[in-house]
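Below: one structure, written as structure tokens.
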Amino acid sequence: MNQPAKAAARFARGSSRSVDEGRPIFLQIAEQIENDIISGQLPEETQVPSTNEFAAFHRINPATAGKGVNLLVEAGVLYKRRGIGMFVAEGARARLIDDRRTRFADQYVTPLLAEAAKLGITPEQLSTMITERSTS
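One gets the numbering used here by counting positions in the sequence shown from 1 and adding 3 to each.
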């Protein structure tokens, strides 16, 4: 099996065809590639499936798949090897994890701390609540 076929098979195993109708498909494709990079299914310097393979898998227009892939190229997560295809950039996994941690803090931790403060819950009490729920 050649490299692109292996990448497509890996993608198909780790993905589902279900599409969230409330979000643009190209964003979902970019997120799935990011998830595969973070999980290690797509290691750095590994070729990713082509836009045609994404399009066939999701039954969408190749231009839509290309838009998702190009988002990651613009972000430096993927790069193109002329005549060969797209590959995961060196350092992509660490960069994605760092970006996701920052977004997590902004989207969840900051509002959580604000709500806790409104309720008179100290950071120490909040930490205890989280610890208790994570071990049960």
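In this text, a Cβ means the ideal position worked out from N, Cα and C, and glycines have one as well.
On a predicted model such as this, the values are computed, not experimentally measured, just so you know.
- Taking Glu34 as reference, the option from Ala59, Thr49 and Val76 with the minimal CA-CA separation is Val76.
- Listed in chain order, the non-local C-beta contacts of Gly94 below 8 Å within the same chain comprise Glu47, local neighbours out to five positions each way being set aside.
- Straight through space, the alpha carbons of Met132 and Ile87 are spaced by roughly 51 Å.
- Secondary structure note for Arg96: its alpha helix (DSSP H) is the uninterrupted segment Ala95 to Phe107.
- Nearest Cα to Val51 within the set Ala92, Pro126, Arg26 and Arg104: Ala92.
- The C-beta distance from Pro65 to Asn55 rounds to 5 Å, short enough to meet the 8 Å contact threshold.
- Judged by beta-carbon spacing, Phe107 lies beyond the 8 Å limit of Thr67, meaning their Cβ atoms are not closer than that value.
- The Cβ-Cβ distance between Ile40 and Arg84 does not fall below 8 Å.
- In this model, Leu129 and Ile36 are separated by some 34 Å (Cα to Cα).
- For Val76, the enclosing alpha helix (DSSP H) starts and ends at Pro65 to Glu77.
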